[in-house]
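Residue numbers (my numbering): 1 to 403. Structure, as structure tokens:
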Amino acid sequence: MKVLLVIADGLGDRPAKSLGGRTPLEAANTGNLDLLAREGMVGFIDPIRPGIIPGSDTSHLNYLGYNPEKYYTGRGPFEAMGTGLKLRGGDVAFRANFATVDERGIVVDRRAGRIRERTAELAAPLNMKIEDVDIMFREGTEHRAALVLRGPGINTEVTDNDPHSDNLPPREIKALDRSGEKTARILREFYSRSLDILRNHPVNRERREKGLREANAILFRGGGVVPVLPDFNEKYRIKGGYVAAVALVSGICRLAGLNDFTPPGVTGSTDTNVQAKIKAALDALKQVDFVVVNIKGTDIAGHDGDAKAKKDFIEKIDDALESVLPQRDDLVFCFTGDHSTPASVKEHTSDPVPILLRFPGCRRDGINHLDEITCRNGSLRLKGENLMDVLLSSANLSQKYGA
Ligand code: ZN
Ligand code: ZN
Numbered sequence: 001m002k003v004l005l006v007i008a009d010g011l012g013d014r015p016a017k018s019l020g021g022r023t024p025l026e027a028a029n030t031g032n033l034d035l036l037a038r039e040g041m042v043g044f045i046d047p048i049r050p051g052i053i054p055g056s057d058t059s060h061l062n063y064l065g066y067n068p069e070k071y072y073t074g075r076g077p078f079e080a081m082g083t084g085l086k087l088r089g090g091d092v093a094f095r096a097n098f099a100t101v102d103e104r105g106i107v108v109d110r111r112a113g114r115i116r117e118r119t120a121e122l123a124a125p126l127n128m129k130i131e132d133v134d135i136m137f138r139e140g141t142e143h144r145a146a147l148v149l150r151g152p153g154i155n156t157e158v159t160d161n162d163p164h165s166d167n168l169p170p171r172e173i174k175a176l177d178r179s180g181e182k183t184a185r186i187l188r189e190f191y192s193r194s195l196d197i198l199r200n201h202p203v204n205r206e207r208r209e210k211g212l213r214e215a216n217a218i219l220f221r222g223g224g225v226v227p228v229l230p231d232f233n234e235k236y237r238i239k240g241g242y243v244a245a246v247a248l249v250s251g252i253c254r255l256a257g258l259n260d261f262t263p264p265g266v267t268g269s270t271d272t273n274v275q276a277k278i279k280a281a282l283d284a285l286k287q288v289d290f291v292v293v294n295i296k297g298t299d300i301a302g303h304d305g306d307a308k309a310k311k312d313f314i315e316k317i318d319d320a321l322e323s324v325l326p327q328r329d330d331l332v333f334c335f336t337g338d339h340s341t342p343a344s345v346k347e348h349t350s351d352p353v354p355i356l357l358r359f360p361g362c363r364r365d366g367i368n369h370l371d372e373i374t375c376r377n378g379s380l381r382l383k384g385e386n387l388m389d390v391l392l393s394s395a396n397l398s399q400k401y402g403a
């Protein structure tokens, strides 16, 4: 028996005015999910704990069996992963900004005029080696970026250089104790080299001519160590894979040792090819026992406050799930979200998330539609940390506890 876990990011929602008081899942026309619900069980999952608002990172860690209280090492490492940098356990990552400093070195704009254009060009030459340490620098959205140090003797025992408000000089980069001296030295050298590189960069020359704020300095803060995750395949004694276009999620899956089956050309947006993702996952299950698929569009529609778009995207997922049906008798199939992103809130909330579990011969709870209202009559009440155990035991892939 194989396990397919499909996570529609930010799936859970609340009643929406634009949908006549229904939630996107409630309003969506989902023939395939209806069938799977009728043949299986539905209910709710708390991705972390009741009342805790999950991030996609903490929630995916928890679902895969990595307690975020132990393995979530802060926004630095996880946002860096989100930029697409391929990180390894032990790397030290900071959140960074492109900023504007004046000729005296004073930070006049911590966000470099909220620069949007050509930040990839600015970031490229900031990748370098200092002593025996590799420096990786990658642009994020707008003025945001990630700064990662990889090498021996690097840690987080240093102060940030970000003054946290404008019209101040960057803070001095200092070691917090002796163990941080090398990191502080490398970061000071990086800062000074980056000033030279950025001052003469063609993008900044152009911004100077146009009278725009130059992105001529790098501020960094919130350093954290990328966690070393115990290997998923050893932990569960199975082979696992993933399909995910969003860098944050694929970064976590890669750190866990899951194999990448993401097909080329898929995006982490509402225009993504959901069919291709589901097909890639079903193909992957010929080689591995477990595949997790992340589909981001639902979360994006939620953040956009667009309940109608979320409903439409759910229908697109449902269409793609048609290809699961012929294979469902060799499959533990689970469909849920990593948290709720209600369109009325435009942010993640702690609302429990609808979940559907169907496998051959499973109990049925007589519910024939998956949504936030009907799920309260279903039989499942799960916590994120238990999801892997539930899936693997449903697939007869786990051991008996006791005699
Ligand atoms: Zn998410
Ligand atoms: Zn989100």
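Cβ coordinates follow ideal geometry from the N, Cα and C atoms, glycine included.
Residue range Gly297 to His303 is occupied by the alpha helix (DSSP H) that includes Thr298. Take Asn62, set aside five residues on each side of it, and the residues of its chain with a beta-carbon closer than 7 Å to its own are Pro47, Ile48, Pro68, Gly384 and Glu385, in chain order. The way I'd put it, the segment 68-86 doesn't touch the segment 365-372; fewer than three beta-carbon pairs between them come closer than 8 Å.
Three or more Cβ pairs drawn from the segment 28-41 and the segment 302-318 lie within less than 8 Å of each other, which places the two stretches in contact. Nearest C-alpha to Met128 among Leu149, Glu139, His143 and Arg144: Leu149. A residue is called buried once 16 or more other Cβ atoms fall within 10 Å of its Cβ, and Val6 is buried on that count. Assigned with DSSP and collapsed to three states, Glu139 falls in strand.
Short note on Gly223: C-beta not closer than 7 Å to any heavy atom of ligand 1. Here Asp299 has Asp9, Gly10 and Thr341 as same chain residues with Cβ atoms under 6 Å from its own Cβ, once five neighbours each way along the sequence are excluded. Non-local C-beta neighbours of Thr272 in its own chain, meaning closer than 8 Å and more than five positions away in sequence, comprise Ala245, Val266, Ile295, Lys296 and Gly297, ordered along the chain.
The shortest C-alpha to C-alpha distance from Gly40 to any of Gln275, Phe333, Asp351 and His339 is the one to Phe333. Unbroken beta strand (DSSP E) stretches of 3 residues or longer found wholly inside the segment 152-232: 217-225, given in chain order.
Taking C-alpha positions only, Ser344 is separated from Pro230 by approximately 38 Å. Note on geometry: alpha-carbon atoms of Leu122 and Phe232 lie some 37 Å from one another.
The alpha-carbon separation between Arg328 and Phe359 amounts to approximately 7 Å. With 16 or more other CB atoms across the displayed protein chains lying within 10 angstroms of its CB, Ala301 is buried. Boundaries for Pro360: no beta strand (DSSP E) harbours it, and the DSSP string shows neither H nor E there.
Remark: C-beta atoms of Val228 and Gly89 approach each other more closely than 8 Å. Contact annotation, Thr159 with Ile173: C-beta distance approximately 6 Å; criterion of less than 8 Å satisfied. DSSP, reduced to helix, strand and coil, places Met1 outside both helices and strands of the structure shown, so it counts as coil.
Relative to Met81, the option among Val225, Leu64 and Lys286 whose CA is nearest is Val225.
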